[in-house]
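In my numbering, the protein residues as written are 343 to 927.
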């Protein structure tokens, strides 16, 4: 990060032009060079480095060697963040004597100035800039809270603005579990606004303390001072020209009692947006006007909160759209029930149940649900946007995949399903279209629309090409049906075709019951895994995803043992080619 120069040595985020002592013994990789400057931060130092491709990166390190584990925890948590205001993390260098570098992690180098530095340099911020801070930081905090984490160190010194007013958040050393922070360490109150509930006890931040710190940082941007410890004056009293909508939102966020603040950061940002009139807010009655277009109907219903950007796909009961959350400034996927389906109260209840089920299953391999709402007869929920399409899209666009490309993805999906099965939830409609791919190429399960507990009646369910026989017959369905579907999906990804095909359900079911599975010349461990997963008898199949995943890992171990014996199985079959490739016929 490039900070503003300051002559005062006690400033936080102080720019440095010499390599700090703890980095002098480092040896960078070949063709890498040290950049011209660094920044001294709270318990961290950020040094510019230029890699072999000529990119400026920030090397984040801990000057105190006792903070090595804390730094590693910070890098690990930050590497899994995906938000426009969070700098991308690329790599962590562990401490290895042979390489003479580490510990430290590499992230994007940011050319920006902290809000604290800006205010000290030029005075209180313009009102539009304060609104930008509230929106962008509120969006980032909502993203963290949705994932079950908090920031804990929001302050004018951890919020930065680029020359084009793109907002960046730093201070990620505090956004880790407090068990990873060395005992007795907390943010310096000189720089970090301290919420009332944390002043007399240990530093245990919560979503409510994040909200107070955000409001306090905006108070600083408006007035040039952090709010007092108690009896915070109304914002309009200290800066009269502040719009009433913004002032009232900050006043609520700064209340001493957490129970009197907004219930969530999202509610705080939405309250500001709706009250300020900074967007075109629709005023509508409870009934929808006569609208024939599905897209126009959706825009009418969600226009207060979302901008519809485009159509993503359509299913039996609803459609999925790419939308921009206007309050939190992020793109999400919005699933809405078809108009005819939405007229059925039972269908709406099932739809709400789908959102609730998926929201309960917090797992990296399951698409998270953000919100559910109904307006004027239109019901929808929002979820994380998977930018890589679906597994079906992958195969359609790039053809069948090699086994080495999917081994980790299959294991992760099975791990996510195991979490669902452990909660007694069976998906019942797994198929390539319902496994989405995010920007990190991770496979993630979505669409729990017909999910049930094992003891709940289900009837005939699933998509025939990937459904187990007991689903097509409407019989009792256990977690074994998801195992059947996963085996069918793996077969599909490796070959480009489902394992059983036919013109209708009867033809597919007949093949399944007759044991008409024809496998390509896969290695025997993989063939055995597929045969067990695709057997018609649910009692002989894997009981649940946990057992199936353990067997999947056994398959990979068996293949690697075979490889170490000499000539690999793919070379015997096809001649030399990429490891764990399969014959696609």
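Think of the CB as a built atom: it goes at the ideal place given N, C-alpha and C, for glycine as much as any other residue.
Quick caveat, the model's predicted, so the values are computed rather than measured.
- Residue 763: not part of any beta strand (DSSP E); member of the alpha helix (DSSP H) spanning 745 to 764, first to last residue.
- For residue 554, the enclosing alpha helix (DSSP H) starts and ends at 549 to 565.
- Excluding its 5 nearest sequence neighbours in each direction, residue 727 has C-beta neighbours in its own chain below 7 Å: 664, 673, 674 and 675, listed in chain order.
- Under the DSSP definition of a beta bridge, residue 715 partners with 722.
- Separation of the CB atoms of residue 693 and residue 721 is rounded to 6 Å, and the pair is thereby assigned contact status at 8 Å.
- With a 10 Å radius around the Cβ and a threshold of 16 neighbouring Cβ atoms, residue 506 comes out exposed.
- Residue pairing for residue 667: DSSP places it in a beta bridge opposite 648 and 672.
- Taking the Cα of residue 866 as reference, the smallest distance to any Cα among 897, 509 and 420 is reached at 897.
- In this structure, the alpha-carbon of residue 615 lies about 20 Å from that of residue 487.
- One alpha carbon belongs to residue 781, the other to residue 574, and they sit about 43 Å apart.
- Residue pairing by DSSP puts residue 455 in a beta bridge opposite 503.
- Inclusion of residue 825 and residue 784 in the CB contact set at 9 Å is not warranted, their separation being larger than that value.
- In the DSSP assignment, residue 527 falls outside any beta strand (DSSP E) and carries neither an H nor an E.
- The straight-line gap separating the alpha-carbon atoms of residue 734 and residue 392 is approximately 39 Å.
- Excluding its 5 nearest sequence neighbours in each direction, residue 457 has C-beta neighbours in its own chain below 6 Å: 498, 501 and 563, listed in chain order.
- Looking at the DSSP output, residue 653 shares a beta bridge with 663.
- Collapsing the DSSP output to three states places residue 446 in a strand.
- Annotation for residue 514: 416 and 420 place their beta carbon closer than 6 Å to its own, counting only its chain and skipping 5 residues before and after.
- In this structure, residue 848 keeps its C-beta atom at 9 Å or more from the C-beta atom of residue 813.
- In the DSSP secondary-structure assignment, residue 386 is bridged to 383.
- By the 16-neighbour rule on beta-carbons within 10 angstroms, residue 477 is buried.
- By the neighbour-count criterion, in which 16 or more other beta carbons inside 10 Å mark a residue as buried, residue 447 falls on the buried side.
- Bridge pairing for residue 358: 380 [DSSP].
- Residue 472 holds the alpha-carbon nearest to the alpha-carbon of residue 577 among 485, 642 and 472.
- Membership of residue 511 in the beta strand (DSSP E) is indicated by the continuous run 509 to 511.
- Note: residue 577 is not bridge-paired with any residue in the DSSP secondary-structure output.
- Non-local beta-carbon contacts of residue 556 in its own chain, meaning distances under 6 Å to residues more than five positions away in sequence, involve 479 and 496 in chain order.
- Nearest neighbour of residue 822 by Cα position, chosen from 570, 879 and 551, turns out to be 879.
- Residue pairing by DSSP places residue 401 opposite 389 and 448 in a beta bridge.
- The count of Cβ pairs closer than 8 Å, one atom from the stretch 593 to 601 and one from the stretch 546 to 560, reaches three, so the stretches are in contact.
- 703 is the residue among 836, 463, 703 and 546 whose C-alpha sits nearest the C-alpha of residue 765.
- Rounded to the nearest whole angstrom, the CA to CA distance from residue 434 to residue 893 is 32 Å.
- Straight-line measurement puts the Cα of residue 401 at about 10 Å from the Cα of residue 432.
- Considering only 729, 759 and 713, the residue with the shortest C-alpha distance to residue 705 is 759.
- Within its own chain, the residues whose Cβ lies closer than 7 Å to the Cβ of residue 714, once the five positions on either side in sequence are excluded, are 694, 697 and 723, listed in chain order.
- In this structure, the alpha-carbon of residue 775 lies about 5 Å from that of residue 732.
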